[in-house]
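Student:
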């Protein structure tokens with residue numbers, strides 16, 4: 062059973078139920094998530110071993126996070142305990158033209174973001190990992206965390222493992238002049254990565270690769286091969302999202318592997334919970350690569366997984382390969398009884 | 062006031078609120094339903110006397126079921142108490158491409174399905190019934206229950222009452238070779254029935270009547286008259302359902318009476334709770350026959366009742382004839398204040 | 062900071078959560094609202110001082126109402142306490158073809174509707190008001206309340222303030238021969254008003270102005286200038302609503318000012334909570350006039366505010382001018398994080 | 062099966078869940094109750110036929126009330142529909158030294174309190190009643206309702222039925238000089254009654270019988286025989302309640318029958334929901350009389366029923382005779398499994 | 062890290078929230094428990110490896126059970142999937158003199174109780190177990206399950222492991238003549254057991270050992286040494302429970318080890334959730350034995366753990382050794398902040 | 062109307078409903094509180110003007126806090142907006158021997174604790190304040206906040222206002238050597254204070270005043286006069302709390318004014334929500350001083366207010382003077398209807 066590990070922060074999600082705002086309501090529902098959580102939980106549900114490498118406080122909040130990760134099926138044996146705080150975000154659901162809102166607490170003071178490098182025995186961790194997942198959100202945190210990411214990725218490569226890097230650039234985390242600040246770190250990670258989640262906008266804005274083209278697909282077809290060649294990347298994949306007038310979203314997935322692009326159909330669907338859909342796509346790409354599925358099959362499944370993720374409550378979308386295939390097959394969807 | 066009785070099982074419905082799955086949630090909402098429950102409650106709301114003939118355990122669950130039936134307006138004076146268990150099913154709501162799921166507990170051990178024939182005084186019951194409703198789900202249970210159905214239907218016929226039979230074939234209940242197993246029992250029930258709920262697929266798969274036609278309506282027009290003639294059925298009625306791309310459903314109702322077909326308009330509508338819509342259709346057909354409405358009016362109302370049933374929480378859809386007529390009339394639907 | 066006050070009743074809204082009916086459920090969610098509440102709260106959120114002039118009982122229900130108004134940002138220093146009761150209404154949500162339902166308790170016995178004229182020191186109140194908001198719902202209550210409205214409006218005019226009157230004719234409140242009964246009172250209020258919320262149907266049915274035209278816009282263009290001239294009204298504004306087949310609504314706003322009509326785009330949108338949308342429109346018109354925005358800008362914002370109000374739980378829709386402008390700008394609406 | 066009917070108002074109870082106040086909360090739980098409801102539901106649970114005679118509005122609130130009464134097991138065939146409103150009360154739970162609070166809406170405008178005498182066919186009703194239950198709360202409403210009570214009681218007596226009258230004097234309903242106002246009406250009802258719920262305070266304050274004694278038991282022993290003799294009452298019964306320091310309550314029941322007093326043990330118990338306990342006592346007294354139990358057994362059961370009623374959520378306490386006997390028997394009370 | 066495994070059924074607990082009954086409510090809260098679950102989860106929280114050996118269906122209910130067990134910290138790698146059903150019980154909370162009630166569904170049809178012996182590779186399981194926990198509830202199920210228990214216990218003993226047996230006799234499961242039926246099976250299990258949970262009543266009623274003594278402690282001191290000697294048991298432990306008048310319970314724990322009795326103080330405490338307290342006692346005894354604590358310390362901790370378990374929602378009480386010690390130390394219990 | 066202002070932090074309270082822990086639950090209820098919030102809200106409910114001086118972020122969380130403060134009746138016109146974060150704490154309720162737990166997020170990064178001194182115009186604020194309330198929790202935050210406290214207190218004194226200081230020493234906030242660190246700051250504040258909340262333990266541990274006495278009352282009688290004299294304090298007041306075996310608490314209040322001690326009765330009561338009781342005591346002392354009540358009356362009311370505060374959900378206990386007096390009067394506490 063392949064051992065996948067993700068290095069990243071676990072956050073507490075505090076959501077106002079229904080469509081009230083924080084001003085109107087007095088109730089919250091909480092869960093624990095994060096890109097690494099979403100990816101390792103999804104891969105565990107596909108039948109792999111998925112472990113999270115992170116640091117959580119020795120408090121009732123930290124205990125609740127660990128129990129929640131276990132419930133998701135994540136291997137928590139690589140979790141460190143220490144520090145004082147847990148990153149949090151509050152979520153107010155939008156409706157129609159009223160957008161949803163996310164409000165963060167001070168995540169820079171979290172146990173994960175204040176943990177010393179010495180908190181982790183990188184070589185020992187690397188020996189227990191076949192595939193390491195890293196993400197651009199973690200890269201945006203601080204210099205210490207960036208060092209930890211790079212060192213762990215280096216150790217995993219040395220030990221013969223693979224590195225997956227999801228670019229996941231968030232402008233609000235890098236601030237003004239963010240792209241310039243981020244670029245050298247992204248370049249370092251791309252050098253270490255075997256598989257990358259990105260699209261033409263990441264290539265253009267972060268790396269300065271590819272401009273002036275007429276449509277997104279053409280841009281993609283120019284930029285991604287150049288990125289792959291420059292950084293020695295085996296597989297790149299990503300999605301294009303459109304938000305339609307009737308409140309549905311559309312997604313098209315692409316994968317670039319061994320010099321060839323494959324695209325999924327454009328899937329249109331109603332949206333229940335949009336957060337975590339990108340992680341569902343990435344998880345299915347990793348799963349397809351581990352299973353050595355043909356790239357067309359992988360990107361089809363990944364797009365269907367991302368679509369399904371929009372129909373599930375919470376950031377972390379869990380379903381079996383069979384459920385993804387059924388969503389792909391377009392049978393009618395009457396209640397199953 | 063005509064006295065309608067249904068013979069059938071009362072089940073406990075345990076539904077996960079909202080869109081979480083059983084893995085994600087920790088809460089359930091429960092109610093009590095069943096085809097017989099839905100039909101007699103609807104007919105009570107239309108102004109008739111609706112009684113359920115069933116057996117419920119002498120436990121707090123059985124007490125809760127009886128109280129719930131009373132709340133629905135059902136006459137519970139024909140309910141037996143005994144046995145040990147109540148059939149149950151768990152319902153997880155679907156969203157968009159993610160289908161809803163129903164998980165049953167072991168209903169074969171329920172009080173209803175283990176009651177001895179001697180549990181019911183069939184002749185005495187028949188003397189209190191003008192119309193008896195039976196359904197294919199009950200027919201699938203076991204040999205004892207089948208005997209009870211047939212004996213009661215026979216007694217009702219002898220006493221001058223009418224029998225309504227809803228084919229309602231559920232493949233999961235009959236298992237492999239189900240159609241062959243079911244056929245003789247369906248034929249026996251159809252011989253006893255005055256009014257039947259079925260469509261061309263029931264005719265073809267269960268009875269082997271009608272094949273090879275080009276479209277469903279043509280198939281229907283060949284099969285149903287043959288069924289009616291062979292079994293001496295006065296009225297047959299049923300629906301065709303389509304599931305549309307935009308998550309709405311469409312329904313068209315038909316009725317076949319005295320050699321003539323009448324069809325409702327095709328109604329399209331969003332869906333809140335799909336379970337029980339067929340029972341709402343059947344109830345309105347029975348009501349129309351009791352009121353001696355023209356068949357076109359009956360099938361229009363029945364289709365509108367089925368449509369309305371999709372907009373109501375729970376299996377059992379209660380509304381007055383006036384509410385059905387208003388839904389038919391297509392007025393704008395701003396809030397009533 | 063301009064001081065806006067509304068004279069009107071505060072009602073308790075008791076809503077069945079989700080889509081159950083009062084028969085099915087056992088839970089309610091309550092809040093406090095009313096046209097005056099909605100308008101002054103919205104104007105407070107736009108940065109003005111918004112006060113409600115009303116009477117509430119000295120009971121735990123009255124205390125709860127006052128606390129709720131404070132939470133909405135309303136200035137409660139003009140609220141009288143006395144009488145015994147609070148008007149209430151129960152709300153059952155509709156779904157699709159099943160309309161929502163409102164059931165009132167006996168509001169005529171409420172503290173507001175039974176307060177004596179001497180309950181209010183009209184001259185003192187007028188000295189603290191720059192803009193007074195009145196509404197046709199209040200006008201329908203009883204003769205005492207009508208006297209209070211007229212006297213207060215007169216005092217405000219004498220003190221140099223402005224009067225806004227929202228026609229808001231509700232047939233169920235005036236009963237048979239309602240238009241004839243209402244007409245003299247509406248005429249008196251229109252004489253006192255500087256700004257009026259109405260459309261061509263109000264003009265035709267209440268005032269007998271404008272008939273026989275071919276389409277609503279043409280009717281509007283004939284009737285409103287005549288009303289404005291006859292009653293010396295500076296600004297008239299209102300909306301046309303359509304209910305679309307796919308369960309969305311469409312709104313078009315108009316404003317008539319200094320002899321010119323301006324119209325908003327027709328906005329189409331899904332509906333979460335329809336009640337209070339007209340008050341959101343009126344509030345934005347008042348805000349636009351206070352800010353001396355060009356009429357085209359005012360009506361655009363008012364239509365967007367009415368649209369946004371449909372996406373917010375509860376009667377009272379609170380948002381900043383910035384949020385209204387963003388809804389107007391039609392950017393994509395992915396979650397904000 | 063003896064047919065018991067109660068004439069009285071059905072009220073909607075709106076309770077803040079938990080220990081929040083109306084100012085703090087935004088949620089309510091509702092049910093429907095009233096003295097007549099509580100008594101007939103309890104007697105139905107003991108195996109009798111219990112019907113309520115009342116008037117409810119033809120609104121969703123009225124429908125909800127009827128469905129709730131049916132769920133309680135009450136025979137609703139004697140309920141009239143008409144009028145506009147339902148009486149309501151809001152309940153905030155107390156805790157420790159903080160008392161619970163009840164706030165009424167305007168119940169005088171309810172369908173029951175505004176129904177004309179002609180609303181009820183008194184002779185026809187009387188022919189379907191073996192025991193009629195009336196209560197002092199109804200007597201406090203208005204002159205029309207009082208007339209209806211007296212006329213119905215007279216008809217029941219003429220038809221050979223029995224009348225039970227629960228004095229249930231509520232000072233807040235009769236206002237200043239209430240005792241003087243109430244006295245003639247109480248005397249009229251006592252003349253008609255066979256069984257009466259009262260204690261020495263009712264005798265003293267309402268009827269002016271019995272004063273100056275040293276302790277409540279002695280007062281009781283002087284006053285009740287005099288009342289019984291003066292008004293020709295067969296059975297009188299009632300309770301003495303004490304509120305203890307440790308937040309428990311104590312109750313002692315008495316019954317006076319054929320010149321003899323019997324007393325229950327003093328029962329002490331914790332309190333979950335205090336409302337409706339007196340009705341549970343009265344119901345068990347009526348049940349004991351119907352079953353012709355010895356008075357000592359009746360008063361023991363009635364006191365145990367009142368105690369149990371304090372442990373049940375809601376006004377209406379339902380339990381079987383077996384459950385009452387078990388509560389009397391003082392077995393240990395570990396969970397039953 | 063010692064590896065503890067329990068062989069037993071996982072049940073779904075469906076609890077009515079608050080103090081309503083199943084008749085009154087419409088909501089349930091669910092969790093998953095069982096003696097084996099409670100014991101292995103508690104031991105995992107004390108720092109050991111706790112695994113459950115059971116069979117769960119391949120349904121959404123089975124998935125939910127597995128996820129819940131993982132959340133509790135239980136090692137689920139020994140869980141089989143198969144069969145069709147999950148045992149369930151409904152729980153209604155009692156209040157004061159009104160006892161709580163448990164209603165079971167048909168647990169004999171559960172996946173666990175219908176699994177074939179061949180479902181488990183007993184030798185392989187035994188090689189992964191240091192301590193095996195078995196319980197009298199499982200022994201009551203059916204002959205197949207009893208065979209599985211005995212075979213697994215035999216294999217564990219052969220492999221050098223220890224066996225803990227909790228007598229846990231439930232009269233309702235064994236039926237009439239239950240003690241005679243149960244005795245040979247209990248004797249077989251006691252022969253295999255190293256540590257036993259029992260008290261003098263188990264000895265007397267099941268084994269016929271010890272009668273006629275004057276008080277429970279004296280009985281205990283006669284019966285337990287005889288049981289220990291006859292069956293070669295190293296440690297016996299158990300509790301005496303009293304239910305006090307003020308709704309508190311009292312517990313005294315005992316342990317018998319190497320010919321000596323040690324007793325805990327009698328602890329009195331209020332009760333939030335009584336179910337699972339015996340399992341908390343057993344878990345702490347096993348923990349004390351694994352840690353080789355002096356018997357006095359072990360029984361003190363076990364009694365404190367049982368007391369704490371009464372203050373925790375749900376069957377499964379999780380707390381650290383530190384929390385148990387603090388409950389023992391009787392410090393004041395103001396909120397920790 | 063006297064103007065009271067408190068300078069202090071507003072925190073978000075996130076409470077697990079019922080008795081579950083953060084590990085077990087998935088729901089929270091939130092409110093906003095803080096010592097300054099509790100005191101000014103209580104004084105507003107007593108009829109004074111109560112304003113909070115604090116800084117809140119310009120986020121949806123900050124908006125929710127301001128709306129909540131308004132609902133409590135607090136004057137929010139002195140609230141600054143700025144910074145990024147809101148201090149938070151999570152609350153898990155205890156039960157019996159299981160203590161409640163509070164877990165803080167990183168409050169040092171809150172808007173209040175990172176606001177610059179220049180954020181507040183101290184002289185302008187002082188001109189609008191008759192009584193300033195400060196508290197030892199704020200004093201523990203950081204040097205900037207301490208400077209702001211002292212400067213504001215100085216300005217208020219200069220402007221002729223009064224200063225109330227609640228010692229409220231929290232060991233966890235000051236860390237090791239906390240008393241030594243805190244002492245100079247406490248001494249500075251005591252010099253500025255007119256009224257002080259403290260008891261003999263504060264005097265001893267913080268100030269080193271009073272040791273070696275035999276009982277707490279004697280210690281108090283030695284220490285408080287010395288403190289009052291040394292720092293020129295007009296009134297000192299405080300409470301002694303005991304936690305009783307039966308889960309009730311007892312409180313005795315004292316006040317020292319013009320050289321005389323007055324004590325309340327010792328009040329014993331059950332506890333619903335313990336947090337904020339000290340603030341209820343302080344609020345009533347301030348109210349008593351503002352009303353110039355005799356010290357005995359003030360301390361009686363303050364003790365009763367503290368007792369009542371334990372019976373109210375949430376940190377902030379609101380009740381009128383009449384409700385406090387009724388709690389003092391020890392009438393029986395049957396439900397008010």
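Protein chains in written order, with my numbering: chain A, 62 to 398; chain B, 62 to 398; chain C, 62 to 398; chain D, 62 to 398; chain E, 62 to 398; chain F, 62 to 398. Glycine included, each C-beta is placed from N, C-alpha and C at the ideal position.
Strictly by DSSP, which residues pair up with residue 67(A)?
Tutor: 113(A) and 194(A)
Student: Determine, using beta carbons only, whether residue 72(D) and residue 91(D) come nearer to each other than 7 angstroms.
Tutor: no
Student: Identify the residues that DSSP records as bridge partners of residue 166(E): which are they?
Tutor: Residue 166(E) is not bridged to any residue.
Student: Under 7 angstroms Cβ to Cβ from residue 129(D), same chain only, skipping five residues before and after it: list those, please.
Tutor: 92 and 93
Student: Give the single residue among 87(E), 105(E), 76(E) and 86(E) whose Cα lies nearest to the Cα of residue 382(E).
Tutor: 105(E)
Student: Would you list, in chain order, the members of the segment 362 to 387 of chain E that have their beta-carbon closer than 9 angstroms to a beta-carbon of chain F?
Tutor: 365, 368, 369, 371, 372, 373, 374, 375, 379, 380, 384 and 387
Student: Using only alpha-carbon positions, find the residue among 62(F), 334(F), 201(F) and 287(F) that is nearest to residue 237(F).
Tutor: 201(F)
Student: What number of angstroms, rounded off, separates the C-alpha of residue 253(A) from the C-alpha of residue 121(F)?
Tutor: 40 angstroms
Student: Express the C-alpha separation of residue 125(C) and residue 85(D) in angstroms, rounding to a whole number.
Tutor: 8 angstroms
Student: Short of 6 angstroms in beta carbon distance, which residues of its chain neighbour residue 191(D), apart from the five on each side in sequence? Order them along the chain.
Tutor: 63, 64 and 222
Student: Along the chain, where does the beta strand (DSSP E) that runs through residue 227(C) open and close?
Tutor: 223 to 227
Student: Which residues of chain A have a Cβ atom closer than 7 angstroms to the Cβ of residue 330(C), listed in chain order?
Tutor: Within chain A, the residues placing a beta-carbon under 7 angstroms from that of residue 330(C) are 157 and 158, ordered along the chain.
Student: Under the DSSP definition of a beta bridge, which residues are partnered with residue 301(B)?
Tutor: 313(B)
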